[in-house]
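**Q** Chains as they are written, first to last, in this note's numbering: chain S, 1071 to 1686; chain B, 1071 to 1686.
Note that beta-carbon positions come from the ideal geometry of N, C-alpha and C, so glycine has one too.
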């Protein structure tokens, strides 16, 4: 099977065209000279978790941010890295395939070779299993030729998602040592980057010279924090899904007799559902975060949908499109509690057939109320992260079923006098994942690959490649690297949505911020979306002409550019320092002192107050 | 609700660009002068049915073909239509929405107005129900502005598919009379065009001056015959589905652990499945026509798939993609027989719960063997055309279930030693239907709309607009009109696959020709597809650059251009006549006589022999 990896393959006309597409580099990465400027030491966003994180990562916590600047940049203490020794780098795909993953490898390879043609890039075959087994393929121009700007992870393949157990970590360490790797680049999401951070710490502790670098690639878009604005793959996934959702909207509007319930990807967070809603304007979206925050039960949501159906029927509209994320089912408090009981019994070895009888009275009542197909799906063994098998649970069918029952009841009672409610259900889970990546994802992944190299050249360990200011054109993108530990949080609230191990620092999936601008945009438009059928059809993913350069709505509306703003603050501080030099007037000093005292006091109060919650 | 139709709406950037796209016209339709040349009187392809058809359609059967030629064309007996009186035309969407439908209306409107600005085009709102109720919207440039080159049928909407009962036909006649329509254009597939032919005959019989014109628009691509090469919508549907199938193939190849079973549209015919296979090269496709022709049972197919899984496992491959059309379930002889029994009992009013007990012993044995979810789906009431509710029957899940059971059995018996078989199922039924139409469908529909007008201008009744030589560029397309009755056949084989009313002439869905070149191409490549993972990714539908002008593979490989060849034959005959004029030598006459006698004898024998089967 190994011989299948990396072989040239026949491409369609469009794939060929795309394979010749050359992404642009931001100015700072052009040429062979790059300046690195180290910022202040980083801290975790959550100050109360910082101590736990620093204890778990004594060697890699608190490292400074690294900004990559153009060689002509006038930053006094920036270093220019001039010597580029030949390096040996390993790269591995971890977790689910995400469109654009191949371009990370391409960018990394390109940067390696530009700076020293003797450098070697080894791809691990078959994901982390290939890493443990030391199965590699040398990545060359020839190998890359038919994979540039293409979807999937099939250049190298992938298997398991974990590098976590003692055996796995040891196997990774042995592989890096045996292959004399200067660095290991891990391409993945929240879990894989947590593993990368742990690996970096362990390698440092065991004096293994291999540096570990993480790249944020995950189609759920939930690896988001102050340093990371979006993930490779998210843009493509949302565009392809929006294309399909719009097709369904057009269909709904043409036939005028069906409600379509569409379940989208998004286990711990509803980013895909939110973005697709903002792109295609379906009638409704039910975000797991909203449900969890309002503690709505599945019956509340059923009633909300029924009220919407009824309001539309009064306008003689009998069609509609409703989106929901696959994680929704776990966000209903009563269903979550039921799932916890079921999983506990399964872990005790109780067979699925006998579970119903051993549930608590209320859980049993809920369970028996649900239709048989859902009961069967809820009884599936939980996944390795303790969440239910969300891709297997047909929440869209359950909701359609409950809404139909309620509408029939209302008809019987005479409170609803419209036509019969008809539903059609869809799960758009896998259709988009193997797509040709969008231009944005091609560019983003390629540049991240380059940054990956510069992290290695700067000798950094436990960093993630980051790009900010992404809503602007490529030449305005800011290239940087942030310690992965600075993105960690510590969960303290017990078995919440997600049930992670208590107290262990980790990257956690960022959920949709209900105070953010994207959600606000949704709220402002939700009545119009619901009643007026203002469906928007972005059409199929284009590579030329209008729409080809479109970016995710949620990326564009948020005030992101955290890195840019951090730099701006530093400039202010430097300016104050340069104005208030010894020798300045008494008045200037007095004004400065008073103003700065007030600023520091405000910030101290705010930092203490925000300590309890994770701001991202 | 009516006020929602035809209103301007907000378009995305890509939709806006597309709304400005101007399809090309073939040379013969450019300018305001078009020549019409009438060919020989048409006959149905099936000579034994011809008598029945001519008896049912005394006024509209046997009319000649009409070719539309450029005004400068040197065809002696072609007429130039110079007078273009103002006409009032009605247009109605019948049946399922198909990408490109809006462009038929645009082309028709454009042609009407170019030839006489006083002509009026009335769109019926909400399909045939709108026709019966005489609910219209005047189609204007303004109304069309945001619907040009856009998907869906939402400009006018659609409802029921039938204009067939005495009440419906009378309502249509009343509408045409009341609205003083010179013509009624029906946009639809096999069923709707059969209705159009019937309506034309009835109108002629009742001296209603309204001419009826049909336009071949159906995404299944099964309105195919000697005059019609493909249907509006088929190209888009196959491209969008191939995009999704390729994504799944890439996914399969990246994860390497799942078999994907994908059910596609195609009730009576597997054209979509065949075309998508030729575009995206999945590992297997199971065509309903193959299964029906070979009388394979569902267990035969299960074993075939298991053998393929096993052969791939021997090459260490545990992934794959298998396509099947939704009509497959009815093509298994034993399942079809079971469905017949179920439907007969349902028609007798037996409730679904009691059916199992009343089945014949063998049908009952099969029924009880099937998994519960399929049993429930088989018990659904049949559709109006007596076929099962194919969109509701999850044949892909049934096959995945049976394959899994068989693989487990083989593992237990020790005949299969590979890894566990894992399946993921998809139904790609509705995702593509509302898509922005491909360039080909935009062009094809627009030109058909124009031809619709020229049929009306020539005063023809019961004709369908046709375009042939479609695999060549637009300037080579041949424009013509053929009497719908010439495309009819009469079913004589009793309750076959499709169970139409015996003896009544109708357009029947054309199934995949197992002797045709497209199927041959599939056969030649099937082993390579099965074993070598030569997945091809045509990518998302493009409007610019490579792939934007791609046409369906099945359109390009078949020797179609029937109209071109008919014309060529006529040229040969004319040439013989001009060479063998009175006064030619004895030798020439002798040679001509002998050759022609032999040709006529061969053709007589062939026509008689082919009488029993429908060649298309």
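From what residue to what residue does the alpha helix (DSSP H) around residue 1066 of chain S run?
**A** Residue coverage of chain S in this structure runs from 1071 to 1686, which leaves residue 1066 of chain S outside it and unanswerable.
**Q** Kindly indicate the opening and closing residues of the alpha helix (DSSP H) around residue 1377 of chain B.
**A** Looking up residue 1377 of chain B in the second chain gives position 307. Looking at the DSSP string, the run of the alpha helix (DSSP H) that includes residue 1377 of chain B is 1368-1384.
**Q** Where does residue 1451 of chain S land, buried or exposed, given buried means 16+ other C-beta within 10 angstroms?
**A** The residue given as residue 1451 of chain S occupies position 381 in the first chain. Under this definition residue 1451 of chain S is an exposed residue.
**Q** Could you confirm whether any beta carbon from chain B is found closer than 8 Å to the beta carbon of residue 1325 of chain S?
**A** Sequence index remark: in the first chain, residue 1325 of chain S carries index 255 (1-based). Output row for residue 1325 of chain S: interface = yes.
**Q** Just to confirm the assignment, what range does the beta strand (DSSP E) spanning residue 1534 of chain S have?
**A** As a first step, residue 1534 of chain S must be located in the first chain, where it is residue number 464. Start and end: 1533-1538.
**Q** Checking the sheet assignment: what are the DSSP bridge partners for residue 1354 of chain S?
**A** The residue labelled residue 1354 of chain S in the question sits at position 284 within the first chain. Beta-bridge pairing links residue 1354 of chain S to S:1392.
**Q** Note the first and the last residue of the continuous beta strand (DSSP E) segment covering residue 1626 of chain S.
**A** Position 556 of the first chain, counted from the start, is the residue given in the question as residue 1626 of chain S. Not the beta strand (DSSP E): residue 1626 of chain S falls in the alpha helix (DSSP H), residues 1623-1627.
**Q** Who are the Cβ neighbours of residue 1154 of chain B in its own chain at under 7 Å, not counting the five residues just before and after it?
**A** Translated into positions along the second chain, residue 1154 of chain B becomes position 84. 1185, 1186, 1527.
**Q** Within 10 Å of its beta-carbon, does residue 1439 of chain S have 16 or more other beta-carbons around it, so buried, or fewer, so exposed?
**A** Residue mapping note: residue 1439 of chain S aligns to position 369 of the first chain, counting from 1. Its Cβ having fewer than 16 others within 10 Å, residue 1439 of chain S is exposed.
**Q** Does DSSP classify residue 1199 of chain S as helix, strand or coil?
**A** Start at 1 with the first residue of the first chain, and residue 1199 of chain S comes out as number 129. Reduced to three states, the DSSP call for residue 1199 of chain S is helix.
**Q** Residue 1178 of chain S and residue 1517 of chain S - do their beta-carbons sit closer together than 8 Å?
**A** Indexing the first chain from 1 puts residue 1517 of chain S at position 447. Indexing the first chain from 1 puts residue 1178 of chain S at position 108. The answer is no: Cβ separation not under 8 Å.
**Q** Give the range of the alpha helix (DSSP H) segment to which residue 1119 of chain S is assigned.
**A** Working through the first chain from its first residue, we reach residue 1119 of chain S at position 49. Where residue 1119 of chain S is concerned, the enclosing alpha helix (DSSP H) stretches over 1117-1126.
**Q** Could you check the C-alpha separation between residue 1752 of chain B and residue 1393 of chain B for me, to the nearest Å?
**A** The structure shown does not extend to residue 1752 of chain B, since chain B is modelled only from 1071 through 1686, so no value can be given for it.
**Q** Contact between the stretch 1265-1283 of chain B and the stretch 1520-1535 of chain B: three or more CB pairs below 8 Å?
**A** The answer is yes - the stretch 1520-1535 of chain B touches the stretch 1265-1283 of chain B, with three or more Cβ pairs under 8 Å.
**Q** Just tell me which of S:1169, S:1421, S:1212, S:1278 has its CA closest to the CA of residue 1180 of chain S.
**A** Counted from its first residue, the first chain places residue 1180 of chain S at position 110. Comparing Cα positions, the closest option is S:1212.
**Q** List, from N- to C-terminal side, the alpha helix (DSSP H) runs of 4 residues or more that fit wholly inside the stretch 1609-1669 of chain S.
**A** Correct list: 1623-1627, 1632-1649.
**Q** Please compile the residues from chain B whose C-beta is within a distance smaller than 8 Å of the C-beta of residue 1086 of chain S.
**A** Here residue 1086 of chain S is taken as the residue at index 16 of the first chain, counted from 1. Near residue 1086 of chain S (Cβ distances below 8 Å), the residues of chain B are 1616.
**Q** Quick check on residue 1682 of chain B - is its C-beta less than 8 Å from some C-beta in chain S?
**A** Residue numbering aside, residue 1682 of chain B sits at position 612 when the second chain is read from its first letter. Low confidence applies to residue 1682 of chain B: its pLDDT is 40, below 50, so where it sits in the model is not reliable, and the reading given next is rough at best. Output row for residue 1682 of chain B: interface = no.
**Q** Select from B:1170, B:1578, B:1552, B:1442 the residue whose C-alpha is nearest the C-alpha of residue 1110 of chain B.
**A** As a working mapping, residue 1110 of chain B is identified with position 40 in the second chain. Of B:1170, B:1578, B:1552, B:1442, the residue nearest in Cα terms is B:1552.
**Q** Going by the beta-carbon positions, is the gap between residue 1221 of chain S and residue 1504 of chain S smaller than 8 Å?
**A** By 1-based counting over the first chain, the position of residue 1221 of chain S is 151. By 1-based counting over the first chain, the position of residue 1504 of chain S is 434. Yes; because the gap between Cβ atoms is below 8 Å, this pair is in contact.
**Q** Give me the residue from B:1078, B:1075, B:1089 with the minimum Cα distance to residue 1609 of chain S.
**A** In the first chain, residue 1609 of chain S corresponds to position 539, counting from 1. Selected option, being the one with the closest Cα: B:1089.
**Q** Are the C-beta atoms of residue 1319 of chain B and some chain S residue less than 8 Å apart?
**A** Indexing the second chain from 1 puts residue 1319 of chain B at position 249. For residue 1319 of chain B, the answer is yes, since a Cβ of chain S falls inside 8 Å of its Cβ.
**Q** Sorted by chain position, which residues of the same chain lie with C-beta nearer than 7 Å to residue 1291 of chain S's C-beta, five sequence neighbours on each side aside?
**A** Taking the first residue of the first chain as position 1, residue 1291 of chain S is located at position 221. Closer than 7 Å at Cβ, skipping near neighbours: 1300, 1301, 1304, 1341, 1342.
**Q** Spatial neighbours of residue 1462 of chain B within its chain, please: C-beta separation below 8 Å, excluding the five flanking residues on both sides.
**A** Within the second chain, residue 1462 of chain B is the residue found at index 392, counting from 1. So the qualifying residues of the chain are 1447, 1450.
**Q** Using beta-carbon positions only, say whether residue 1324 of chain B and residue 1085 of chain S come within less than 8 Å of one another.
**A** On the second chain, residue 1324 of chain B is found 254 positions in, with the first residue counted as 1. On the first chain, residue 1085 of chain S is found 15 positions in, with the first residue counted as 1. No. Outside cutoff.
**Q** Would you check if the distance between the CB atom of residue 1536 of chain S and the CB atom of residue 1297 of chain S is smaller than 8 Å?
**A** Sequence index remark: in the first chain, residue 1536 of chain S carries index 466 (1-based). Sequence index remark: in the first chain, residue 1297 of chain S carries index 227 (1-based). Result yes, Cβ atoms of residue 1536 of chain S and residue 1297 of chain S sit closer than 8 Å.
**Q** Along chain B, which residues have their Cβ under 7 Å away from the Cβ of residue 1607 of chain S?
**A** For the purposes of this step, residue 1607 of chain S is identified with residue 537 of the first chain, where counting begins at 1. Neighbours of residue 1607 of chain S on chain B, chain order: 1082, 1085, 1506.
**Q** Under 8 Å, Cβ to Cβ, is there at least one residue of chain S near residue 1222 of chain B?
**A** In the second chain, residue 1222 of chain B corresponds to position 152, counting from 1. Yes, contact with chain S.
**Q** Could you tell me if residue 1647 of chain B is buried or exposed, where buried requires 16 or more neighbouring beta carbons within 10 angstroms of its beta carbon?
**A** Mapped onto the second chain, residue 1647 of chain B falls at position 577. So residue 1647 of chain B ends up on the exposed side.
**Q** Starting from the C-beta of residue 1659 of chain B, find all residues in its chain whose C-beta is less than 8 Å away, skip the five residues before and the five after it, and write them out in chain order.
**A** Position 589 of the second chain, counted from the start, is the residue given in the question as residue 1659 of chain B. 1650, listed in sequence order.
**Q** From residue 1567 of chain S to residue 1400 of chain S, what does the alpha carbon distance come to, in whole angstroms?
**A** As a working mapping, residue 1567 of chain S is identified with position 497 in the first chain. As a working mapping, residue 1400 of chain S is identified with position 330 in the first chain. Because the pLDDT at residue 1567 of chain S is just 45, under 50, the model does not fix this residue reliably, and the value given afterwards should be weighed accordingly. Answer to the nearest angstrom: the Cα atoms are 7 Å apart.
**Q** If you count every other CB in all the chains shown that lies within 10 Å of the CB of residue 1666 of chain B, and 16 or more means buried, which is it?
**A** On the second chain, residue 1666 of chain B is found 596 positions in, with the first residue counted as 1. Residue 1666 of chain B comes out exposed.
**Q** What does the alpha-carbon distance come out to for the pair residue 1293 of chain S and residue 1176 of chain S?
**A** Taking the first chain and counting its residues from 1, one reaches residue 1293 of chain S at position 223. Taking the first chain and counting its residues from 1, one reaches residue 1176 of chain S at position 106. Cα to Cα, the separation comes out at about 22 Å.
**Q** Determine the direct distance from the alpha carbon of residue 1254 of chain S to that of residue 1158 of chain S, and round the result to whole angstroms.
**A** Stepping through the first chain from its first residue, residue 1158 of chain S is reached at position 88. Stepping through the first chain from its first residue, residue 1254 of chain S is reached at position 184. Approximately 9 Å, taken between the alpha carbons.
**Q** Please list the partners that residue 1106 of chain S has in chain B, where partner means a Cβ-to-Cβ separation under 9 Å.
**A** The residue labelled residue 1106 of chain S in the question sits at position 36 within the first chain. What residue 1106 of chain S touches in chain B: nothing, since even the nearest Cβ is about 34 Å away.
**Q** Considering residue 1332 of chain S, what are the terminal residues of the beta strand (DSSP E) in which it resides?
**A** Residue mapping note: residue 1332 of chain S aligns to position 262 of the first chain, counting from 1. Here the beta strand (DSSP E) through residue 1332 of chain S covers 1329-1334.
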